[in-house]
Amino acid sequence: DAMVIQNPRYQVTQFGKPVTLSCSQTLNHNVMYWYQQKSSQAPKLLFHYYDKDFNNEADTPDNFQSRRPNTSFCFLDIRSPGLGDAAMYLCATSRDHESDEQFFGPGTRLTVL
Amino acid sequence: GDSVTQMEGPVTLSEEAFLTINCTYTATGYPSLFWYVQYPGEGLQLLLKATKADDKGSNKGFEATYRKETTSFHLEKGSVQVSDSAVYFCALGLYGGSQGNLIFGKGTKLSVKP
Chain A
1 DAMVIQNPRY QVTQFGKPVT LSCSQTLNHN VMYWYQQKSS QAPKLLFHYY DKDFNNEADT
61 PDNFQSRRPN TSFCFLDIRS PGLGDAAMYL CATSRDHESD EQFFGPGTRL TVL
Chain B
1 GDSVTQMEGP VTLSEEAFLT INCTYTATGY PSLFWYVQYP GEGLQLLLKA TKADDKGSNK
61 GFEATYRKET TSFHLEKGSV QVSDSAVYFC ALGLYGGSQG NLIFGKGTKL SVKP
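From first to last, the protein sequence lines are chains A and B.
Residues 1 to 113 in our numbering are what the first sequence lists, from first letter to last.
Residues 1 to 114 in our numbering are what the second sequence lists, from first letter to last.
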């Protein structure tokens with residue numbers, strides 16, 4: 001089945017130690033998104049890629065970066081995680097900007113010690 | 001700015017009870033409206049959607065109607081089951097151009113007791 005895969009499902013890192021979260025998709029969609037979801041809150045968009053074009057949300061901290069080396073993969077890099085970055089990170093895809101449905105992965109829960 | 005407001009939970013119901021979760025929105029333009037469901041420990045799944053005024057989205061016994069006059073998209077189900085226990089998110093989508101992201105409400109946690 002075509003799907004959105006996130007690895008790992010659970011990630012533990014130390015305060016200030018860089019961490020990378022991975023997302024892959026078999027849907028061949030043009031757009032990939034990263035959301036941050038803190039406990040009992042709505043998902044918040046961090047950034048998205050339309051093909052290779054990177055679109056950062058205005059209030060996304062510089063500590064968060066992303067890479068999309070090809071259509072299938074997208075990475076979220078947190079350069080110096082703080083305690084406030086502990087959250088569920090959700091990857092999603094859509095066919096294009098006009099497509100009205102996003103497909104979500106299962107998420108990676110990040111713990112910062 | 002664009003936003004979504006949904007009723008706060010948690011909502012606790014007995015099995016076979018009627019469910020309503022209210023959702024209202026503020027948006028420029030003509031958004032699409034969605035309900036997503038998140039089961040414990042999982043990502044979001046699209047439950048239903050409506051792309052224009054008066055459209056009704058439906059899936060798995062859930063329904064919601066896009067009401068432009070009241071800017072609402074309330075979620076309803078006639079008879080809930082224990083397996084419906086989850087967090088439900090209302091969202092609006094603005095598409096086209098450089099946009100293409102969803103704006104979510106804060107979520108409503110539903111617990112259904114046997």
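Where a beta carbon is used, it is the ideal one built from N, C-alpha and C, also for glycine.
Computed from a predicted model, the values in this text were never measured in an experiment.
Item	Value
Mind checking whether Gly105/A and Val4/A have CB atoms under 8 Å apart?	yes
Identify each residue in the stretch 7-32 of chain A for which the Cβ-Cβ distance to at least one residue of chain B is less than 7 Å, and report them in chain order.	Val31
Which whole-angstrom value describes the C-beta separation of Gln81/B and Val112/B, a residue pair presumed to lie in contact below a C-beta threshold of 8 Å?	6 Å
Near Thr71/B, which residues of its chain fall below 6 Å by C-beta distance, leaving aside the five closest residues on each side in sequence?	Thr24, Tyr25
Relative to the C-alpha of Leu48/B, which residue among Lys109/B, Glu42/B, Lys106/B, Leu92/B is closest?	Leu92/B
Does any CB atom of chain A fall closer than 8 Å to the CB of Lys49/B?	yes
Consider the Cβ of Leu45/A: report whether some Cβ of chain B lies at a distance smaller than 8 Å.	yes
Please report how far the alpha carbon of Glu16/B lies from the alpha carbon of Val87/B, in whole angstroms.	18 Å
Could you say which of Ala42/A, Leu27/A, Gln14/A lies nearest to Leu90/A if we only look at CA atoms?	Ala42/A
Would you verify that the beta carbon of Gln36/A is, or is not, closer than 8 Å to some beta carbon of chain B?	no
Tell me the DSSP secondary structure of Ser79/B in three-state form.	coil
Identify each residue in the stretch 7-31 of chain B for which the Cβ-Cβ distance to at least one residue of chain A is less than 9 Å, and report them in chain order.	none
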